[in-house]
Amino acid sequence: MGTLTGLMSLTNAALEADQSAINVTANNVANQNTAGYTRETVSFQASDAVSLSGYQGLNESVSATTVSQRSRVLEQQLQQQTQSSTASNAVLTALQNIQSMFGLTSTSSDASSTTLGSAMNTFFSSLTALSSNPTDAATQTAVLTAASTLASAFNSTSQGLSTETTSLNSQIATAAQQVNGLTATIAKLNQQITTLSPNQDAGTLEDARQQAILQLSSILGVDQITTQNNGITLTASDGTVLVSGNQSYALSTTTIAGNTAIVAGDPPTPLTNDLQGGAIGGMLQARDQAIPPMQSAIDQLAYAMGAAVNTQNEAGTTSSGTAGAAIFTLPTTATGAAATISVVAGSEIATAGVGEGTSGTTNALALANLATTNILSGQTSTNNFAGFIGSLGSAVSSATTQNTANTASLAQAQTQRDSLSAVSLDDEATSLTNYQRSYEAAAKVFDIVDQMMADALNLGQQTPVS
649 MGTLTGLMSL
659 TNAALEADQS
669 AINVTANNVA
679 NQNTAGYTRE
689 TVSFQASDAV
699 SLSGYQGLNE
709 SVSATTVSQR
719 SRVLEQQLQQ
729 QTQSSTASNA
739 VLTALQNIQS
749 MFGLTSTSSD
759 ASSTTLGSAM
769 NTFFSSLTAL
779 SSNPTDAATQ
789 TAVLTAASTL
799 ASAFNSTSQG
809 LSTETTSLNS
819 QIATAAQQVN
829 GLTATIAKLN
839 QQITTLSPNQ
849 DAGTLEDARQ
859 QAILQLSSIL
869 GVDQITTQNN
879 GITLTASDGT
889 VLVSGNQSYA
899 LSTTTIAGNT
909 AIVAGDPPTP
919 LTNDLQGGAI
929 GGMLQARDQA
939 IPPMQSAIDQ
949 LAYAMGAAVN
959 TQNEAGTTSS
969 GTAGAAIFTL
979 PTTATGAAAT
989 ISVVAGSEIA
999 TAGVGEGTSG
1009 TTNALALANL
1019 ATTNILSGQT
1029 STNNFAGFIG
1039 SLGSAVSSAT
1049 TQNTANTASL
1059 AQAQTQRDSL
1069 SAVSLDDEAT
1079 SLTNYQRSYE
1089 AAAKVFDIVD
1099 QMMADALNLG
1109 QQTPVS
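Numbered per the working numbering, the sequence shown spans residues 649 to 1114.
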């Protein structure tokens, strides 16, 4: 009877273990499309056999333990590729916005087709027309109108770059708040997981934490350190601690030199120059590394053109017989020139050279020749602007290539993670069949043992026992 009782206990434990395995399989199938879900498997363990007076007893129990199929290496690789992909995408988006501002596309990159390029060509064409008819009032008015249009084009271009910078500042501030929300969530999950680990599988909580870390990685580059009891410490790319155990450390923002800066710590210390990865890293790269050289190039072009025209106009005599004066207002240096350049009210074009009289054309020809004069970095103004547009196109092309490569690497990392952790309906169907057959076998043994115990209790008589 003792042996039958032990066998019945073992069979009952087998039924419970098989039922647990079936439940795990059902849970896997139900969560096949759940973002961040990690597939669970079942590990069966038999209890230790009891040895008494040299007699080896039965293993009277079997249990099923749920194990999440995760790899820290693959998860961190996925996080790193996410950081790289979102960073390069942020850079590409900013550059494409600037490219669109100029009216350029991947198939149309001609500098003369842009608003500023067209305004430059129109201005120089009006000067050429004036050199052929310097005393014509309508032609002189056309020159001043073209000059005003050129100044407005410089103003708009500068404003467009400033608008993109302002947009990036706003997005960076919003992203910093999103980081704080995620780090607070991760710290809370850390506390719950460390309470369970290592005695229990905290699969659901770990999935939630991993999904939060992945979302955080898409916003900001982070490094991860595993601590005791399955806890995690997270730091920003510069080493600033974001999460430690059940404690999160919030980021804040301030304005430095007109731009949004991310700060942390007490006292608050700027981190902006050291943050990399994620959307924030990409936006900082676009704002601080890509846009300033563009703004500087446009400022220098506006200053060089305005100064060249002013100098040449001051060297001549107007049709009214007065000495020529500056046509464009400019700052004392190139900084901010594109944003502030404008046409001086009441300007006159000095078409004649000094001593030529009011009908001379020498200075008008000299003004027209500015179109082919090297005025900036050994280049004409139109060639300089064409080079600027070419550099912008190259930057967009390079960013596109980098983003494509990062996206492919991210897809590969996701595939590698999914090969271990994602749910396969085919695999689950096979497992379910095996567990069901094992359950049926254990149930059959249970029926046999039950009948044997009934026979023993009734001394072999076929009497129903309830």
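We treat Cβ as the ideally placed atom computed from N, Cα and C, and that holds for glycine.
In whole angstroms, give me the CA-to-CA distance for residue i and residue j.
| i | j | result |
| --- | --- | --- |
| ASN921 | THR908 | 11 Å |
| ASN615 | LEU1058 | A question about residue 615 goes unanswered here, because the residues of the chain that appear run from 649 up to 1114. |
| THR874 | TYR1083 | 35 Å |
| MET768 | ASP1066 | 56 Å |
| GLN859 | LEU1040 | 36 Å |
| SER748 | SER668 | 58 Å |
| THR999 | LEU792 | 13 Å |
| GLN728 | GLY869 | 8 Å |
| THR981 | ASP947 | 9 Å |
| SER810 | SER779 | 37 Å |
| GLY930 | GLN693 | 50 Å |
| ASN803 | LEU932 | 24 Å |
| ASN675 | ALA1061 | 25 Å |
| GLN1027 | SER733 | 38 Å |
| GLN819 | GLU812 | 11 Å |
| VAL739 | SER815 | 13 Å |
| GLN937 | LEU726 | 27 Å |
| LEU862 | ASN745 | 27 Å |
| GLU664 | LEU1073 | 24 Å |
| ASN671 | GLY887 | 43 Å |
| LEU1013 | GLN825 | 60 Å |
| ALA801 | ALA683 | 48 Å |
| ALA832 | PHE750 | 42 Å |
| ALA821 | ALA790 | 46 Å |
| LEU764 | THR1048 | 25 Å |
| LYS1092 | THR1052 | 58 Å |
| SER1046 | THR966 | 50 Å |
| THR902 | GLY913 | 13 Å |
Quickly, what does DSSP pair residue i with across the bridge? List them, please.
| i | result |
| --- | --- |
| GLY1044 | Just to set this straight, residue 1044 is Val in the shown sequence, not Gly. According to DSSP, which records beta bridges pairwise, VAL1044 is partnered with nothing at all. |
| PHE976 | VAL991 |
| PRO918 | VAL911 |
| LEU596 | This structure does not reach residue 596, given that the chain is present from 649 up to 1114, and the question cannot be answered. |
| GLN1099 | None, per the DSSP bridge assignment. |
| GLY1001 | GLY964 |
| ALA971 | THR965 |
| SER896 | VAL891 |
| VAL690 | THR714 |
Buried or exposed: residue i, going by 16 or more other Cβ atoms within 10 Å of its Cβ?
| i | result |
| --- | --- |
| VAL1002 | exposed |
| PRO915 | exposed |
| SER782 | Looking at the sequence itself, residue 782 is Pro, so the reference to Ser does not match. So PRO782 ends up on the buried side. |
| SER806 | buried |
| GLY1115 | Any property of residue 1115 remains undetermined from this structure, which presents the chain solely from 649 to 1114. |
| ARG935 | buried |
| GLN1121 | Because the chain here runs from 649 to 1114, residue 1121 falls outside it and cannot be looked at. |
| LEU1068 | exposed |
| ASN1011 | buried |
| VAL690 | buried |
| THR1081 | exposed |
| MET649 | Confidence at MET649 is low in this model, with a pLDDT of 45, below 50, so its placement is unreliable and the value that follows should be read with caution. With fewer than 16 Cβ atoms within 10 Å of its Cβ, MET649 is classed as exposed. |
| VAL721 | exposed |
| GLN960 | buried |
| SER968 | exposed |
| LEU1105 | exposed |
| ILE997 | buried |
| ILE1096 | exposed |
| ASP758 | exposed |
| ALA786 | exposed |
| ASN958 | buried |
For the putative contact between residue i and residue j, defined by C-beta atoms under 8 Å, what is the C-beta separation to the nearest angstrom?
| i | j | result |
| --- | --- | --- |
| ALA905 | ALA950 | Incorrect: roughly 22 Å between the Cβ atoms, too far for contact. |
| GLU1076 | THR673 | 5 Å |
| ARG857 | ASN838 | 7 Å |
| SER1029 | ALA927 | Between ALA927 and SER1029 the Cβ distance is about 37 Å, and since that is not below 8 Å, they are no contact. |
| THR659 | PHE1094 | 4 Å |
| SER865 | GLN731 | 5 Å |
| VAL911 | SER900 | 5 Å |
| THR842 | GLY808 | Not a contact, Cβ separation roughly 51 Å. |
| VAL991 | SER796 | 5 Å |
| ALA735 | GLY925 | 5 Å |
| ALA794 | THR770 | 5 Å |
| ALA898 | LEU923 | Not confirmed; about 15 Å, so no contact. |
| ILE834 | VAL889 | About 12 Å separates the two Cβ atoms, so there is no contact after all. |
| THR653 | GLU688 | About 33 Å separates the two Cβ atoms, so there is no contact after all. |
| GLY972 | ALA963 | 7 Å |
Please confirm if residue i has its CB atom under 9 Å from at least one CB of chain D.
| i | result |
| --- | --- |
| ALA905 | Protein chains in the displayed structure number just one, and chain D is not present. |
Going by the C-beta, is residue i closer than 8 Å to any heavy atom of the ligand ATP?
| i | result |
| --- | --- |
| PRO979 | In the structure on display, the ligand ATP does not appear, and there are no ligands present to speak of. |
Can you list the beta strand (DSSP E) stretches of 3 or more residues lying completely in the stretch 1059–1090, in chain order? No beta strand (DSSP E) of 3 residues or more sits fully in the stretch 1059–1090.
At which residue ranges does the stretch 811–888 contain complete alpha helix (DSSP H) runs of 4 or more residues, listed in the order of the chain? Listed in chain order, they are 851–867.
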